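Here is the structure we will look at.
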Amino acid sequence: MPLRFTNTLTRQLEEFRPLDPTGKTVKLYTCGPTVYNYAHIGNLRAYIFEDLLQRQLEASGYAVERVMNLTDVDDKTIRGSREAHVALGEFTAPFKKAFFEDLDTLRIRRAQSYPAATDAAQIARMIDMIAQLVARGHAYQAEDKSVYFRIASFPNYGRLAHLNLDELRPSGRVRSDDYEKENIGDFALWKAWDEADGAVGWDSPWGRGRPGWHIECSAMATGLLGEQIDIHCGGVDNIFPHHEAEIAQTEAITGKPFVRLWMHCAHLMVDGQKMSKSLGNFYTLRDILAKGFTGREVRYALLRVNYSLPLNFTLEGLATDARESLRRIDEWLARLNDHARTATASEPHPLAEQRRFEEALDDDLNISGALGELFKIIRESNAALDAGALAPAHARRLLAWWARINAVLALEPETVALPTEVQQLLEQRAAARAAKRWADGDALRDAIAALGWTVKDTKDGQKATRLAAAG
Ligand SMILES: [Zn+2]
Numbered sequence: 074m075p076l077r078f079t080n081t082l083t084r085q086l087e088e089f090r091p092l093d094p095t096g097k098t099v100k101l102y103t104c105g106p107t108v109y110n111y112a113h114i115g116n117l118r119a120y121i122f123e124d125l126l127q128r129q130l131e132a133s134g135y136a137v138e139r140v141m142n143l144t145d146v147d148d149k150t151i152r153g154s155r156e157a158h159v160a161l162g163e164f165t166a167p168f169k170k171a172f173f174e175d176l177d178t179l180r181i182r183r184a185q186s187y188p189a190a191t192d193a194a195q196i197a198r199m200i201d202m203i204a205q206l207v208a209r210g211h212a213y214q215a216e217d218k219s220v221y222f223r224i225a226s227f228p229n230y231g232r233l234a235h236l237n238l239d240e241l242r243p244s245g246r247v248r249s250d251d252y253e254k255e256n257i258g259d260f261a262l263w264k265a266w267d268e269a270d271g272a273v274g275w276d277s278p279w280g281r282g283r284p285g286w287h288i289e290c291s292a293m294a295t296g297l298l299g300e301q302i303d304i305h306c307g308g309v310d311n312i313f314p315h316h317e318a319e320i321a322q323t324e325a326i327t328g329k330p331f332v333r334l335w336m337h338c339a340h341l342m343v344d345g346q347k348m349s350k351s352l353g354n355f356y357t358l359r360d361i362l363a364k365g366f367t368g369r370e371v372r373y374a375l376l377r378v379n380y381s382l383p384l385n386f387t388l389e390g391l392a393t394d395a396r397e398s399l400r401r402i403d404e405w406l407a408r409l410n411d412h413a414r415t416a417t418a419s420e421p422h423p424l425a426e427q428r429r430f431e432e433a434l435d436d437d438l439n440i441s442g443a444l445g446e447l448f449k450i451i452r453e454s455n456a457a458l459d460a461g462a463l464a465p466a467h468a469r470r471l472l473a474w475w476a477r478i479n480a481v482l483a484l485e486p487e488t489v490a491l492p493t494e495v496q497q498l499l500e501q502r503a504a505a506r507a508a509k510r511w512a513d514g515d516a517l518r519d520a521i522a523a524l525g526w527t528v529k530d531t532k533d534g535q536k537a538t539r540l541a542a543a544g
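According to the numbering used here, the sequence shown holds residues 74 to 544 in order.
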């Protein structure tokens, strides 16, 4: 089945066809973090959705060329550096580092390139694009010395957000990077330096200043991927004004459709409410790891709901649903591995019901449907194992299938090396049991549990697995 995705621009489910005439490469641009703070789980949900998209494209045979920007100069980063009394670069560096750590913790694959807005080459490209917009009458320098995009010069402005400009009263100009559609207005491309900017600024044909947020993404996307790209993603918050502005700036210069497919990830709620610092339900990944959860559990919790639907995140759900689902996967894999060892060959695959997993993902990344198919297969094969009715070759085939679908899910069990202490206790316990010193064996099992490991006695000897961290 061909890949199909819902396009925000048309609001239709569309069959995916890349721009590349050979049909092999997909150009993907995803809006990255503004590095004034740690990413919160709403941001991370969007990054996990984009990771799923990239992995599904790759599993479908495409080579994905992906760029994700780092916004390291804007109103928020400048305010943060001023409040911390440090230079802008010094202020953003630890948040950039933390962003990459979060990606690794959540098993998110890296893009090819993470350009920073303050890179000299990127600033030069932004200035060049703004100059072209001014030359063509799409932009102007106002009395405040800032340069604004003239939205009246671009009839398609509002198309992505499905706004009718005639029905909205324009409010003149908007200097802030974020504004509501109720005060629709000309947005800033270049912000003239003011005292609050301190040492932050670059020289330009319009005087000293800094770029607006929107032009950063237009410059980096076209500079690194070309004038036209296949897919552009972000959160629903990005649709207006950010992505609307990106289209206007880019297409006013190139005269070509900038993006073929726009995909946006729905909101994340916490305990059924909008996440906010004042409600005390605002979490970064660090906050959740500090409560004893693993990156794999957080990945599962943020992955399992279709991207187009709001996701309600709760710590209780993380402690029960996510943990329980992963435990079922782990136990199933352990049973299959045990059983497959006696197989001499694998049955050919795939099975029809296994293809249903892939077909669900092909259908607008229906991950909840795909996981439903996985757990159905887990239930059925566990029942067959219980009944002694599963052939070892079939177990091996299921493991081969798991390896293939896990390239998309990235939910494999954590591989944790056995600590020396635990290894020594296991050896003592094996000796105690061999000598039929059962009480000693039990005491040693408790000592191992105290170190966070659980022991099972199998026909192949003791097996230690790490206990799930306490919630
Ligand atoms: Zn962007």
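We treat Cβ as the ideally placed atom computed from N, Cα and C, and that holds for glycine.
In this text the structure is predicted, and so the values were computed from the model without any measurement.
Three-way DSSP call (helix, strand, coil) for residue i in this model
i: ARG429; result: helix
i: CYS306; result: strand
i: CYS290; result: helix
i: LEU482; result: helix
i: PHE331; result: coil
i: ALA542; result: Low confidence applies here, because ALA542 scores a pLDDT of 49, under 50, leaving its location unreliable; read the following figure in that light. Reduced to three states, the DSSP call for ALA542 is coil.
i: LEU384; result: strand
i: GLY534; result: strand
i: ASP227; result: Reading off the sequence, residue 227 comes out as Phe, not Asp. Coil.
i: TRP526; result: strand
i: GLU453; result: helix
i: MET141; result: strand
i: LYS347; result: strand
i: ALA136; result: strand
i: ASP93; result: coil
Outcome for residue i when other beta-carbon atoms lying within 10 angstroms are tallied against a minimum of 16
i: ASP201; result: exposed
i: HIS158; result: exposed
i: TRP526; result: buried
i: LYS364; result: exposed
i: GLY544; result: The predicted position of GLY544 is uncertain, since its pLDDT is 33 and thus under 50; a value taken from the coordinates is nonetheless stated next. Its Cβ having fewer than 16 others within 10 Å, GLY544 is exposed.
i: GLY368; result: buried
i: ARG396; result: buried
i: SER441; result: exposed
i: THR191; result: buried
i: ASP531; result: Per the sequence presented here, residue 531 reads as Thr, with Asp not at that position. Result: exposed.
i: GLY307; result: buried
i: PHE89; result: buried
i: PRO228; result: exposed
i: LYS350; result: exposed
Segment limits, alpha helix (DSSP H) that includes residue i
i: LEU130; result: 114 to 132
i: GLN497; result: 493 to 507
i: LYS149; result: 148 to 157
i: MET202; result: 193 to 208
i: ARG510; result: It is not in any alpha helix (DSSP H) - ARG510 carries neither H nor E in the DSSP assignment.
N- and C-terminal bounds of the beta strand (DSSP E) containing residue i
i: GLY368; result: Careful: GLY368 lies outside any beta strand (DSSP E), inside the alpha helix (DSSP H) at 368 to 376.
i: LEU233; result: From DSSP, LEU233 is part of no beta strand (DSSP E); its letter is neither H nor E.
i: MET101; result: It is worth fixing the name first, because residue 101 is Leu in this sequence and not Met. Here the beta strand (DSSP E) through LEU101 covers 98 to 103.
i: ALA212; result: 212 to 214
For residue i, the residue or residues it bridges with in DSSP
i: TRP263; result: VAL220, PRO284
i: GLU88; result: ARG77
i: TRP275; result: GLY282
i: THR107; result: THR144
i: HIS337; result: GLY307
i: ARG246; result: ASP259
Cutoff 8 Å: residue i Cβ touching any chain B Cβ
i: ALA292; result: The question asks about chain B, but that chain is absent: this structure has only one protein chain.
>> Whether or not the region 97 to 110 and the region 296 to 304 are in contact is what I'm after, with contact meaning three or more pairs of Cβ atoms, one per stretch, closer than 8 Å; do they touch?
In response: yes
> Would you call the region 80 to 94 and the region 262 to 281 touching, i.e. three or more CB-CB distances under 8 Å?
Replying inline: no
> Do the region 132 to 151 and the region 379 to 388 make contact, defined as three or more Cβ pairs closer than 8 Å?
Replying inline: no
> Are the region 382 to 393 and the region 340 to 355 touching by the rule of at least three beta carbon pairs closer than 8 Å?
Replying inline: yes
> Is it a yes or a no for the region 328 to 339 touching the region 210 to 221, going by three-plus beta-carbon pairs under 8 Å?
Replying inline: no
> Would the region 228 to 239 and the region 177 to 186 be scored as touching if the rule is three or more Cβ pairs under 8 Å?
Replying inline: no
>> Across the region 399 to 408 and the region 447 to 456, are there enough close Cβ pairs to call them in contact, namely three or more that are closer than 8 Å?
In response: yes
> For the region 171 to 181 against the region 107 to 118, are there 3 or more C-beta pairs whose distance is under 8 Å?
Replying inline: yes
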